[in-house]
Amino acid sequence: MRVTIRDLKRMKRDGEKIPMITAYDYTSACLVEEAGIPLILVGDSLGQVMLGHDSTVPVTMDDMVHHTKTVVRGTRKAHIVGDLPFLSYHTSAFDAMRNAGRLLKEGGAQSVKLEGGQSQAATVSRIVESGIPVMGHIGLTPQSVNQLGGYRVQGKSLKAALQLMEDARALEEAGAYAIVLECVPAPLAKMISERVAVPTIGIGAGADCDGQVQVFHDLLGLYQDFVPKHARRYANLGDAVIQATSDYISDVRAGQFPSDKESYTLGRKVLDALTDHSTSPV
Ligand code: KIV
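Take 3 as the starting number for the sequence shown in the working numbering and just add one per residue.
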């Protein structure tokens, strides 16, 4: 049985912190599941770390469905959240429900995430009414990078902080089961977390959120282009991959790979017959 939204709400009530990580493919999903992660986000951050775009804006529904399926195949227990990409829920309630439905029906996710607070509350409540759990996402909302003018901490002025509190309240009222707070000053994230009954999941929002989410590649040192301030590297797999690949290149060039251990052999009789055959005149 997978982790459910009831489990996540209970974790908040019990003061049990909720760890969440992104995953975008079968192999990484198997590994993070093996480590015991309860909550996985197939984030549209795959636009940058898997597809090489410079933002999440170009990511499509087909991209999200494709990657979500692979993560679902690699897991049995974790709750899988599929991210709704830019413009997949803004154009109409019909599109929002159809696309959220695709992430569950085709992708196999258990819930969806979308960006925006008060302005998206009506959409959240329509999706929730159709039986699809929704995780909200406020603060720095990367799909609006062009509107925000860059990836910046949000909610720093009194007006902006009050708006974020209002956004969180509107999402909770609309039926969101959890809310991501991205790049929000820690004291504000703490106040929001205390004021809503649903779990808050922070990324760059301090230690007082009910859970934390990090991008797989940031945590493991796999994405070398940019390391956000809020990320902690638990491993340097990028350096390990470069070193391993360069050792492989050297071994191939020096004729040291493959060795007998990595090669398949042929039975003596077949080998002798083959040798006779290939040396006899035609
Ligand atoms: O797409 C993503 O990875 C996200 C997280 C940063 C919360 O939305």
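Built from N, CA and C at the ideal position, the CB exists for glycine as well.
Residue pairing of Gly84 in beta bridges, as defined by DSSP: Val44, Val114. For Ser30, the Cβ stays outside the 7 Å cut-off from all heavy atoms of the ligand KIV. Approximately 6 Å separates the beta-carbon atoms of Val215 and Val182; this is inside 8 Å, confirming the contact. Counting of Cβ neighbours within 10 angstroms places Ser265 among the exposed residues, the total staying below 16.
By the Cβ test, the segment 5 to 15 is not in contact with the segment 94 to 110, since fewer than three Cβ pairs between them sit closer than 8 Å. Using a Cβ distance threshold of 8 Å, Lys19 and Gly213 count as a contacting pair.
The C-alpha of Leu116 is placed about 9 Å away from the C-alpha of Ser90. DSSP, reduced to helix, strand and coil, places Gly208 outside both helices and strands of the structure shown, so it counts as coil.
Rounded to the nearest angstrom, the gap between the Cα atoms of Lys79 and Val136 is 19 Å.
Judged by DSSP in its simplified three-state form, Ala123 adopts helix. Under the three-state reduction of DSSP output, His139 falls in the strand class. Counting only the Cα atoms, Asp227 lies some 21 Å from Ser146. Counting only runs of at least 3 residues, the segment 205 to 277 fully encloses the following beta strand (DSSP E) elements, listed from N- to C-terminal order: 213 to 216.
The Cβ atoms of Ala25 and Val44 sit closer than 8 Å to each other. The segment 161 to 170 makes contact with the segment 113 to 128; the number of CB pairs closer than 8 Å reaches 3 or more.
A distance below 8 Å separates the beta carbons of Val83 and Ala111. The Cβ-Cβ distance between Gly76 and Glu35 falls below 8 Å.
If you check the C-beta of His219 against the ligand KIV, you find no heavy atom less than 7 Å away. In the DSSP annotation of this structure, Thr93 is not part of any beta strand (DSSP E), being labelled neither H nor E. In the three-state scheme derived from DSSP, where H, G and I count as helix and E and B as strand, Met63 is classed as helix. Under the DSSP assignment, Glu184 falls outside any alpha helix (DSSP H), being part of the beta strand (DSSP E) whose first and last residues are 180 to 184. Between Ala172 and Arg128, the C-beta spacing is not below 8 Å.
Distances from the CA of Tyr225 to each of Ala178, Pro40, Asp56 were compared; the closest alpha carbon is that of Asp56.
Non-local C-beta neighbours of Lys14 in its own chain, meaning closer than 6 Å and more than five positions away in sequence, comprise Pro201, Asp212, ordered along the chain.
As the crow flies, the alpha-carbon of Val74 is around 11 Å from that of Thr29. Around the beta carbon of Thr267, a 10 Å sphere encloses fewer than 16 other beta carbons of the protein chains shown; the residue is thus reported as exposed. The residue from Val229, Leu86, His139 with its alpha-carbon nearest to that of Ile203 is His139.
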